[in-house]
Structures are given as structure tokens and as C-alpha cells.
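Peer 1: If you scroll down you'll find the structure; I have some questions about it.
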DNA sequence: CGTGTTTTTGACTTCAGTCAATTAAAGTGG
DNA sequence: CCACTTTAATTGACTGAAGTCAAAAACACG
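Chains as they are written, first to last, in my numbering: chain D, 1 to 249; chain S, 250 to 498.
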């Protein structure tokens, strides 16, 4: 997943293959996708609302986020993306993007022409199905976030987010479930869960005080996974992972 | 869209065709999909969480909704579906559903075997692309709902929902944008926008008092569309409609 | 008509937001 | 390595939007 990988698209091919088994030629076709790799600094826009992106962007390393700005200037983060995620399948088929995508940390991203991706999806139905599944899983996560923000209180929302991030990180082999770096400010966490940074701070400290977590700066240690998952009403079902991660078996 | 339609799938074929132009044979293949039509009473489950649906369900008439139940028993509605919507593309490709789908009113639904739909999608890339677009639009609406529930206040959330419902209804030729039936109780509206029924009631009455709407029981009359859209921070962009409805031009 | 929803209203509570100040950490350039 | 700036985290006092509880009024429906 780093720039020293033999081929930048290997991780992507593996991800697709974990959804739907890919034949040799299908797998080769994925790796043969035309692409250009770029390193982007933190805080840079990958896609802006109203853009018509001609390229789809695949995360190779680092973290990015999608967000919308609402009337009073408030920002809502809609998704966090990490290595292996196709950031912009959502927008490439639309006339124009309905939201922004921005890097959270420094990122390596591979830009793939929309048309090549589309051709590939329809020449290899296994690849097409795997890509479709990816977008369906994105949708499933969106639904869980609607429920998180709409019907859970501050403690539940934040605990849920901490669990989701942990599980997704582990699924791609970065960091352990119970000890990881969360590359976000408390303000950004607030924009994920629909709270103010002040209240995020108070809630995070309460989780620490209750012995569920232990934070130092950006590092999160989950001391009691079971408790935190219970507190956050968290369950991996909606992530539709190929296999359950060990910690939750 | 009613049972007196010559063919129950006509509306669906038209919907797909409005996303991506369909050739004669592609269109014929859509109409040739095996299916069985059922009339379901209000309040019935179409899909339950953890189900593995073998059929995908297409709305022919009536309204249904997806929802999740959270830890404290609260319910969050994730989407409202109306005639022409594919209700369960989301779940048919997963091992098991991650949420419930239930009828809101009496509905006519066509059940289509998952496998037939999948075959069709990959034998006609136009159909496949149109279906993919449908799921991407669902995703776009989910994202807007995250922002609605996460970052807007009660008045904005409800105004936004009233606008969205109006536009979607008009897009399928049921009711006018500014005068329609909303087939939901205030409790259900609350479950859409993440508020209690009491607060929904107070907010709806405030909109009436301000002269933006006029309600009698389930009927909604929008007296000032511009104002209501502004109040709800509503903009049709995220609906990615083939053409803009007249009222918003 | 009576019965069960649904809507409406009022009084009171609470969770989360606001505003503002303080502390801590992370860079930055000399 | 140290002053200097900037950004992020933390804390406190106060406010306010939305929730809770409970009862009354208005409908819908058999």
C-alpha cells in the first residue's frame, strides 16, 4: 500500500478479489488500468462540489474525507477514506459532484480515467460486480451513519465512530483494532458525528474517565473493546466484511 | 404505475431509460424479467434485518421505508421509497440485509429474482449502468440525509424533507410539487429527521404559522416554495434528476 | 357512537451548544 | 536549543433547542 509496493494497484486488485473471486485475466486487467500516481499534501481538495471529475481516485496511502457544507456554514463529514478505497466512483457517473472530497493527511492517490474503469467493469462481470459491491457497502455505511447521527446520543456516536475506524483500519492491515492513530482533530470528529468540538472533547474525556479508552494526542487505545462496542451500539454487520476480524469473533 | 398498466415493469424500464438510453433489445429484456406481483397491506415487512433476500423488490405503487433500530429502541428511517424505486438492490448482493424494509401504505410490489437481475445487468451494459446509477443516486440521497440530520436544526430538517418528498413525487408524476399527500404520521416524520413526534408537531405548526405551508391531516400544501426551499437549505442537485422539474427552474 | 390512533398543548428537564478564557502542543526561524 | 506563533485541546459558566411526560382534543374507523 506504500509507494514501494511493486505495483500501485495491487491492493485494489486484492480488495476487489476479496469481494468476488477474480480470474487471472480479470485480475491482470485491473492491474493494467491506466493511472497516474500523485502525492497530495494534507488539506488539499481532491474533488469539489459541482466538479465533473473525469478521473476516479483510488487511495494508495493516507486518509481523506467527503463532506458537505450546509446553509449556516456548518460542515458534515460523510465518509472517511483510507488505503484501498475508491474515492470517487460515486461522482464519476454523475454530471457533477454533489459534495467535496479533501485529504485529511498527506495521501498517495492513483487517478484512473473514468472511461477505463467503466469499460473494465463491463468487460469482466466479476470486476463489475466487485465494484458494484464496493459502492453498495459505501451505501451501507452511509445508512449506519444516518442512524448514528439521527438516533444516538453523543457518547454512543463517538464510541461508534471509534469502533468503526478501528475495524476498518485493521481490515486493511494498518494498526491494531485496540491501538491506532486517529488522524483527525476533535473538530473534525465533531463534523463526523454532528456535534461541536467542545462536546466531542467532553465526551472523549468521559470515555477515558470511564476506562473505555486512553488517548494521548491522536493515538487511541481501546482498553475494553466489548464495553466500547456496547456503549456505541456497534456491530460489524453493516460493514459487510469478507471475514470477521479476530477481535470481534 | 398502477395495476392497470399494460405491463407492470413499464415504469421501471422507463426509469432506467431516463438514466441511460436503452436500445430496443435492452428495453425488451427489462420487460422480460421474470417477476411476480404482490399487493401488500400497510405496515408489513418486505425485508427484515438479517434476511438473505433471494428476490429484489420493485415498487409499483404505494410507499415503503427502510429503517434501523438502535440500542435504546429508537428507530431511524433511512429512506422512503415510491413507485419505480428498486427497493432492494442494496441487499440482494449482500449475504444478509443490514436493515428493515416495511410498507408505509398499501403497496403493489414486483418481486424479481436476484439472479435474473444480475444476469441482465451484465448482458446489457446500458441496463447495468442505469442500475448502477440508481444505486449511486440512493447513495447520494443517503449523504444528504446524513448532512440533514447531522447539521441542520429542526425547522431546516423538516422543510428539507417536505421539499425532497415533493420533488420526488412530482418526478414520478404523482401529485404536484406544491400540493401532495404525505403518507406518514408525525412520529414517522420524526424518525426520518431524527426528532421526537412532539417536536415535529411544534415545528410543522410553526411552518404553517409562518405561511410557508398549510396542512390538513396528511395533505401538504406548500404556499411559498422558494421560502420553504431556502428554509430547508434544499437544492435538487443531490437528486441527480434527468431534468429539473419546472417549479425549480 | 365508541374505540384506538394521531395530533396538539403545556410544564418541566436535559443534553448539547455558545462564548470565552486557559493550557498544551507543534511548528518555525534565528 | 530557545522565543514566537499557530493550532488544537481543555475547562467553566451560561444558554437554548429539543426531549420528556402527561393530558386533552381531534380524527379515523369499525
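Built from N, CA and C at the ideal position, the CB exists for glycine as well.
#1: Can you give, in chain order, each stretch of the alpha helix (DSSP H) that sits fully within the stretch 298 to 380 of chain S and has at least 4 residues?
#2: According to DSSP, which residues form a beta bridge with residue 429(S)?
#3: Give the list of continuous beta strand (DSSP E) stretches no shorter than 3 residues that lie fully inside the stretch 143 to 197 of chain D.
#4: Is residue 199(D) helix, strand or coil when you go by DSSP?
#5: Determine the extent of the alpha helix (DSSP H) in which residue 30(D) is found, giving its start and end residues.
#6: Measure the alpha-carbon distance for residue 300(S) versus residue 345(S) and round it to whole angstroms.
#7: Taking all protein chains shown into account, decide if residue 311(S) is buried (16 or more other Cβ within 10 angstroms of its Cβ) or exposed.
#8: I want to know whether the stretch 70 to 90 of chain D touches the stretch 122 to 138 of chain D - three or more CB-CB distances under 8 angstroms.
#9: Count the CB pairs spanning the stretch 170 to 180 of chain D and the stretch 465 to 484 of chain S that are closer than 8 angstroms, and state whether there are at least three.
#10: Is the stretch 112 to 121 of chain D touching the stretch 41 to 59 of chain D in the sense that three or more CB pairs, one from each, lie closer than 8 angstroms?
#11: Would you say residue 288(S) and residue 349(S) are within 8 angstroms of each other, going by their C-beta atoms?
#12: With the cut-off set at 8 angstroms, would you say residue 158(D) and residue 203(D) are in Cβ contact?
#13: Taking C-beta pairs closer than 9 angstroms, name the residues in chain S that residue 135(D) reaches, listed in chain order.
#14: For a contact meaning CB atoms closer than 9 angstroms, what does residue 486(S) contact in chain D?
#15: What residues in its chain sit with their C-beta under 6 angstroms from that of residue 439(S), if we drop five residues either side in the sequence?
#16: Return the CA-CA distance between residue 161(D) and residue 138(D), expressed in angstroms with no decimal places.
#17: Since I believe residue 194(D) is in contact with residue 76(D) (beta carbons under 8 angstroms), could you give me their beta-carbon distance rounded to a whole number of angstroms?
#18: Can you pull the DSSP bridge partners for residue 294(S)?
#19: Apply the 10 Å Cβ neighbour rule to residue 173(D) and answer buried if 16 or more other Cβ atoms are within range, or exposed otherwise.
#20: If you follow the beta strand (DSSP E) that residue 40(D) is in, where does it begin and where does it stop?
#21: Taking CB distances under 8 angstroms as the criterion, tell me whether residue 342(S) reaches chain D.
#22: Return helix, strand or coil for residue 459(S), following the three-state DSSP convention.
#23: Use the C-beta contact count for residue 419(S): other C-beta atoms within 10 angstroms, 16 or more gives buried, fewer gives exposed.
#24: Mind checking which residues open and close the alpha helix (DSSP H) that includes residue 485(S)?
#25: Could you give the first and the last residue of the continuous alpha helix (DSSP H) run that contains residue 9(D)?
#26: Going along chain D in order, which residues have a C-beta closer than 7 angstroms to the C-beta of residue 391(S)?
#27: For the stretch 208 to 242 of chain D, list every residue whose C-beta sits within 7 angstroms of some C-beta in chain S, in sequence order.
#28: Any beta-carbon of chain S closer than 8 angstroms to the one on residue 150(D)?
#29: Roughly how far, in whole angstroms, is the beta-carbon of residue 309(S) from the beta-carbon of residue 280(S), given that I think they are within contact range, below 8 angstroms?
#30: Starting from residue 327(S), find everything on chain D with Cβ-Cβ shorter than 8 angstroms and list it in chain order.
#31: Less than 8 angstroms between the beta carbons of residue 58(D) and residue 109(D), yes or no?
#32: Once the 5 residues before and after residue 143(D) are set aside, which same chain residues still bring their CB inside 8 angstroms of it?
#33: Kindly say whether residue 292(S), judged by its beta-carbon, lies nearer than 8 angstroms to any beta-carbon of chain D.
#34: Tell me, please, whether the CB atom of residue 285(S) is closer than 8 angstroms to any CB atom in chain D?
#35: Under a Cβ-count criterion, where at least 16 other Cβ atoms within 10 Å of its own Cβ denotes burial, should residue 1(D) be classed as buried or exposed?
Peer 2: Taking the geometry as given:
#1: Those alpha helix (DSSP H) runs which fall completely within the stretch 298 to 380 of chain S and span 4+ residues are 338 to 341, 363 to 372.
#2: Looking at the DSSP output, residue 429(S) bridges to 469(S).
#3: Within the stretch 143 to 197 of chain D, the complete beta strand (DSSP E) runs of at least 3 residues are 179 to 181.
#4: The answer is helix: DSSP assigns residue 199(D) an H, G or I state.
#5: Run containing residue 30(D): 24 to 31, per the alpha helix (DSSP H) assignment.
#6: Residue 300(S) and residue 345(S) have their alpha carbons spaced roughly 5 angstroms apart.
#7: So residue 311(S) counts as buried.
#8: The answer is yes - the stretch 122 to 138 of chain D touches the stretch 70 to 90 of chain D, with three or more Cβ pairs under 8 angstroms.
#9: Not touching, per the Cβ criterion.
#10: Result yes; three or more Cβ-Cβ pairs closer than 8 angstroms.
#11: No, Cβ-Cβ distance for residue 288(S) and residue 349(S) is not below 8 angstroms.
#12: Yes, these two residues count as a Cβ contact at 8 angstroms.
#13: In chain order: 381, 384, 385, 388.
#14: Counting only Cβ-Cβ distances below 9 angstroms, residue 486(S) has contacts in chain D at 49, 50, 96, 98, in chain order.
#15: Excluding sequence neighbours, residue 439(S) sits near 445, 446, 449.
#16: The straight-line gap from Cα to Cα measures roughly 15 angstroms.
#17: Yes, they are in contact, since the Cβ atoms of residue 76(D) and residue 194(D) sit about 7 angstroms apart, within 8 angstroms.
#18: Residue pairing of residue 294(S) in beta bridges, as defined by DSSP: 351(S).
#19: Burial call: exposed.
#20: From DSSP, the beta strand (DSSP E) with residue 40(D) extends over 36 to 40.
#21: For residue 342(S), the closest Cβ of chain D is nearer than 8 angstroms.
#22: If DSSP states are grouped into helix, strand and coil, residue 459(S) belongs with coil.
#23: With 16 or more neighbouring CB atoms inside 10 Å of its own CB, residue 419(S) falls in the buried class.
#24: From DSSP, residue 485(S) is part of no alpha helix (DSSP H); its letter is neither H nor E.
#25: Where residue 9(D) is concerned, there is no enclosing alpha helix (DSSP H), because DSSP gives it neither an H nor an E.
#26: Going along chain D in sequence order, the residues near residue 391(S) (Cβ under 7 angstroms) are 139, 142, 143, 146.
#27: Those residues of the stretch 208 to 242 of chain D that come within reach of chain S (Cβ to Cβ, closer than 7 angstroms) are 233, 237, 238, 240.
#28: Cβ-Cβ to chain S under 8 angstroms: yes for residue 150(D).
#29: About 14 angstroms; that fails the 8 angstroms criterion.
#30: Residues of chain D passing the Cβ test: 143, 146, 147.
#31: In contact: residue 58(D) and residue 109(D) (Cβ atoms closer than 8 angstroms).
#32: Counting only Cβ-Cβ distances below 8 angstroms, and skipping sequence neighbours, we find 238.
#33: Any Cβ of chain D closer than 8 angstroms to the Cβ of residue 292(S) would place that residue at the interface, and such an atom is absent.
#34: For residue 285(S), no CB of chain D lies under 8 angstroms from its own CB, so it is not counted at the interface with that chain.
#35: With a pLDDT of only 48 at residue 1(D), under 50, the local geometry of the prediction cannot be trusted, and the value read off the model is given with reservation. Buried is the label assigned to residue 1(D), since at least 16 other Cβ atoms lie within 10 Å of its Cβ.
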